[in-house]
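Student: What follows is a single structure, and I will ask about it in a moment.
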Amino acid sequence: MKTKLLLAGIFSFFNYLIYAQEQCGTESNENSVYQRTTSNFYSSKQLEGVAFCVNVFFHVIRNGSGQTSIPNYYPETMLDKLNEDYNQYNISFNSLGFDYIDKTSFSGDGEGVYNGNVAELFAINNHSNAIDVYITEKADWLGKANGILSTELVVVKDYATTGVLSHEMGHCLNLYHTHETKFGLELPDESNCKTTGDLICDTPADPNLFYFRDNLINCSFTSGSITVNGVIYYPDTKNLMSYTNPECMQHFSNGQVERMKEAMYNSPVLQAVLTCCSIKTITISQASAVCYSSAQTFYLDNLCYNTQTSWSVSNNLQILDQDDFSITVKALNASVSGEGTINATFNNTSQQITQTVHVGVPSNYIEIGRIESQFVDIFYQRWTRLFIQYVTEPAGWEWQVDYCYVKPSNTREILIYPRVVGPISVKIRRNNECGNGPWLIKNFEVIQQGSYKILKQ
Ligand SMILES: [Zn+2]
253 MKTKLLLAGI FSFFNYLIYA QEQCGTESNE NSVYQRTTSN FYSSKQLEGV
303 AFCVNVFFHV IRNGSGQTSI PNYYPETMLD KLNEDYNQYN ISFNSLGFDY
353 IDKTSFSGDG EGVYNGNVAE LFAINNHSNA IDVYITEKAD WLGKANGILS
403 TELVVVKDYA TTGVLSHEMG HCLNLYHTHE TKFGLELPDE SNCKTTGDLI
453 CDTPADPNLF YFRDNLINCS FTSGSITVNG VIYYPDTKNL MSYTNPECMQ
503 HFSNGQVERM KEAMYNSPVL QAVLTCCSIK TITISQASAV CYSSAQTFYL
553 DNLCYNTQTS WSVSNNLQIL DQDDFSITVK ALNASVSGEG TINATFNNTS
603 QQITQTVHVG VPSNYIEIGR IESQFVDIFY QRWTRLFIQY VTEPAGWEWQ
653 VDYCYVKPSN TREILIYPRV VGPISVKIRR NNECGNGPWL IKNFEVIQQG
703 SYKILKQ
């Protein structure tokens, strides 16, 4: 019993040492122009809704006799794990299959995978059209990618279906650790976030969570922060690219997704492993109106990264800019008002987009609306309800009524209190971000209250 406890103690101590140095074996190389720039050809917004699908190929390492403790369903489970962690960002994974590598030295019966033989491993059955994912029983790290922006990774069996897998994949897709120091120490105030740390500004400065894991409760610090050498940090304790507990690795930041998508879009190495496997319907962003005074950009969602898009618009719109993922338009001139359409067709799907938009200031109420009063007659010094009929918009209206107190409101209905007898003019119009629409006008006659009684008798 005593021996057992002692052994357990030694095991966890060694465990700690191993993990302390070798959570992740990926080296912080700086291999291309894609390292430092985050905007090469397309902005993050344009690529945000674009669907990227990455081919993967799995390699299960066994000993020389073809034996392994790695379950045969692992390639499928690992594919599911990747999709579970990445699908929310419109990045998905497509398996091209798996094979076995029967070599004792890479297996648990040998020395496993370490820095001295990992290059040899990554060369075995390597695919140029897929990211090669090697699974071993034993390694010097939980996982290792073949560099920042690369197409090979290895992960140990015990962590192969955890966030560690998605973490190593993140390295392949050009992400650094959130605690990276190769480019300099990122300050907690983020003032140097573009050029230091992981080069991404929406991931908070991270002092390396490995050393603070024991303080994590439900994957968070109870106070939200930790202090290192008198400096207060607010690291993301659930970020997939941090050294948080593997069970806490849950998400990427928007900036990380942007960086991955830009690398995939622009890097020939990654382009070679991409495919198109999105089955989601292509959609386009919405806008309440398209004005003449300012440009409006519409973004497509869920289309494949390699889609070619053809745009057309109705003749009350003009195209200012267009590419495969977005279109920027404005109204043809200051006087157009009404419905417009934006159409998109694509080279690799029969889907089409027809987006109806309002162009210019509002005007449809001029044709369909009618100003009405609550009573047949409007009486002097009596509150009367006025409203616009045959229009549905409950708010966004502006009224103008002569010689009356008006209960101010932007709704379809108002109360007026005439202070004169005789003709009054009632006007209503609508406005939107493009400006004011034309007035709809109706004249009423204000009469003395007695007049009504006389008429009735
Ligand atoms: Zn790593």
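Take the sequence shown: its position 374, counted from the start at 1, is 626 in our numbering, and no numbers get skipped. Think of the CB as a built atom: it goes at the ideal place given N, C-alpha and C, for glycine as much as any other residue.
#1: Who are the Cβ neighbours of Ser291 in its own chain at under 8 Å, not counting the five residues just before and after it?
#2: By a C-beta neighbour count over all protein chains shown, 10 Å radius and 16 as the cutoff for buried, is Ala382 buried or exposed?
#3: Collect the residues with a C-beta less than 5 Å away from any heavy atom of ligand 1 and give them in sequence order along the chain.
#4: Using only the alpha-carbon positions, how far apart do Asp450 and Thr433 sit?
#5: Of all the options Ser562, Val408, Asn377, which has the alpha carbon lying nearest to the alpha carbon of Met330?
#6: Contact between the region 459–472 and the region 484–503: three or more CB pairs below 8 Å?
#7: Quick check: the region 593–602 against the region 563–583, are there 3 or more CB pairs under 8 Å?
#8: Let me confirm a value: Tyr457 is counted as buried when at least 16 other C-beta atoms fall within 10 Å, else exposed. Which label applies?
#9: Select from Arg465, Asn662, Gly648, His429 the residue whose C-alpha is nearest the C-alpha of Gln508.
#10: In three-state DSSP terms, what is Gln701?
#11: Mapping DSSP to helix, strand and coil, what is Leu692?
#12: Near Gln626, what residues of its chain come up, given a Cβ to Cβ distance below 6 Å and the 5 sequence neighbours on each side ignored?
#13: At the level of alpha carbons, what is the spacing between Ser477 and Gly360?
#14: Using only the alpha-carbon positions, how far apart do Pro440 and Ile680 sit?
#15: Under a three-way DSSP split, which group does Asn335 fall into?
#16: Quick one: what does DSSP say Arg682 is sitting in, helix, strand or coil?
#17: Could you please give the first and the last residue of the uninterrupted beta strand (DSSP E) stretch that includes Ser347?
#18: How many Å lie between Ala303 and Leu692 at the Cα?
#19: Rounded to the nearest angstrom, what separates Asp351 and Arg511 at their Cα positions?
#20: Report the start-end ranges of each beta strand (DSSP E) in the region 592–619 that is 3 residues or longer and not cut off at the edges.
#21: What are the boundary residues of the beta strand (DSSP E) that Gln564 is part of?
#22: Taking one C-beta from the region 613–633 and one from the region 686–700 each time, how about it: are there three or more such pairs within less than 8 Å?
#23: Give the range of the beta strand (DSSP E) segment to which Gly395 is assigned.
#24: For a quick check, are the C-beta atoms of Gly612 and Val643 less than 8 Å apart?
#25: Any chance you could list the alpha helix (DSSP H) runs of at least 4 consecutive residues sitting entirely within the region 479–530, in chain order?
#26: Where do the N-terminal and C-terminal ends of the alpha helix (DSSP H) with Phe374 fall, by residue?
#27: For Cys529 and Phe345, what's the separation of their Cα atoms in angstroms?
#28: Sort out for me which residues DSSP pairs Leu405 with in a bridge.
#29: Give me the Cβ distance between Leu437 and Met516, rounded to the nearest whole Å; I'm assuming they're in contact under 8 Å.
#30: Using the Cα positions of Glu685 and Asn662, report the straight-line distance between them to the nearest angstrom.
#31: What is the rounded straight-line gap between the Cα of Val658 and the Cα of Asn616?
#32: Please report the straight-line C-alpha distance between Leu405 and His610, rounded to a whole angstrom.
#33: According to the Cβ coordinates, are Asn554 and Thr527 closer than 8 Å?
#34: Tell me the residue span of the beta strand (DSSP E) that contains Val542.
#35: Within the same chain, show all residues whose beta-carbon is closer than 8 Å to that of Arg634, passing over the 5 residues directly before and after it, in chain order.
#36: Check each candidate in Ile531, His419, Asp654, Cys556 and name the one with the smallest Cα separation from Lys333.
Tutor: According to the structure shown:
#1: Caution is warranted here: a pLDDT of 47 is assigned to Ser291, below 50, making its placement in the model unreliable, and no coordinate value can be reported.
#2: When all chains shown are included, Ala382 counts as buried.
#3: The filter returns Cys276, Thr278, in chain order.
#4: In this structure, the CA atom of Asp450 is about 8 Å from the CA atom of Thr433.
#5: It is Val408 whose Cα lies nearest to the Cα of Met330.
#6: Yes: the two stretches touch, three or more of their Cβ pairs being nearer than 8 Å.
#7: The way I'd put it, the region 593–602 does touch the region 563–583; three or more beta-carbon pairs between them come closer than 8 Å.
#8: Residue 457 is actually Ala in this sequence, not Tyr. With 16 or more other Cβ atoms within 10 Å, it is buried.
#9: Closest option to Gln508, Cα to Cα, is His429.
#10: Here Gln701 sits in helix by DSSP.
#11: Under the three-state reduction of DSSP, Leu692 is assigned to strand.
#12: Exclusion of the five residues before and after Gln626 leaves Thr636, Arg637 as the residues of its chain whose Cβ lies within less than 6 Å of its Cβ.
#13: When rounded, the distance between both Cα atoms is 39 Å.
#14: Approximately 54 Å, taken between the alpha carbons.
#15: Here Asn335 sits in helix by DSSP.
#16: Here Arg682 sits in strand by DSSP.
#17: That run of the beta strand (DSSP E) goes 343–354.
#18: Each residue's Cα considered, the two are about 47 Å apart.
#19: In this structure, the CA atom of Asp351 is about 31 Å from the CA atom of Arg511.
#20: Segments of the beta strand (DSSP E) lying fully in the region 592–619: 604–611.
#21: Note that residue 564 is Ser in the sequence shown here, rather than Gln. Segment 561–565, the beta strand (DSSP E) holding Ser564.
#22: Yes, since at least three Cβ pairs between the region 613–633 and the region 686–700 fall closer than 8 Å, the two stretches touch.
#23: Looking at the DSSP string, the run of the beta strand (DSSP E) that includes Gly395 is 395–397.
#24: For Gly612 and Val643, no; Cβs fall outside 8 Å.
#25: When DSSP assignments are scanned along the region 479–530, the uninterrupted stretches of alpha helix (DSSP H) that are 4 or more residues long and fall wholly within it turn out to be 506–518, 520–523.
#26: That run of the alpha helix (DSSP H) goes 370–374.
#27: Here the alpha carbons of Phe345 and Cys529 stand approximately 8 Å from one another.
#28: Bridge partners of Leu405 according to DSSP: Val385, Ala397.
#29: The pair is not a contact, with the Cβ atoms about 29 Å apart (cut-off 8 Å).
#30: Going by the C-alpha atoms only, they are around 15 Å apart.
#31: So the two alpha carbons sit approximately 25 Å from each other.
#32: Note on geometry: alpha-carbon atoms of Leu405 and His610 lie some 50 Å from one another.
#33: No. Outside cutoff.
#34: For Val542, no beta strand (DSSP E) encloses it, and the DSSP letter there is neither H nor E.
#35: Take Arg634, set aside five residues on each side of it, and the residues of its chain with a beta-carbon closer than 8 Å to its own are Tyr669, Pro670, Gln701, in chain order.
#36: For Lys333, the closest C-alpha among the options Ile531, His419, Asp654, Cys556 is that of His419.
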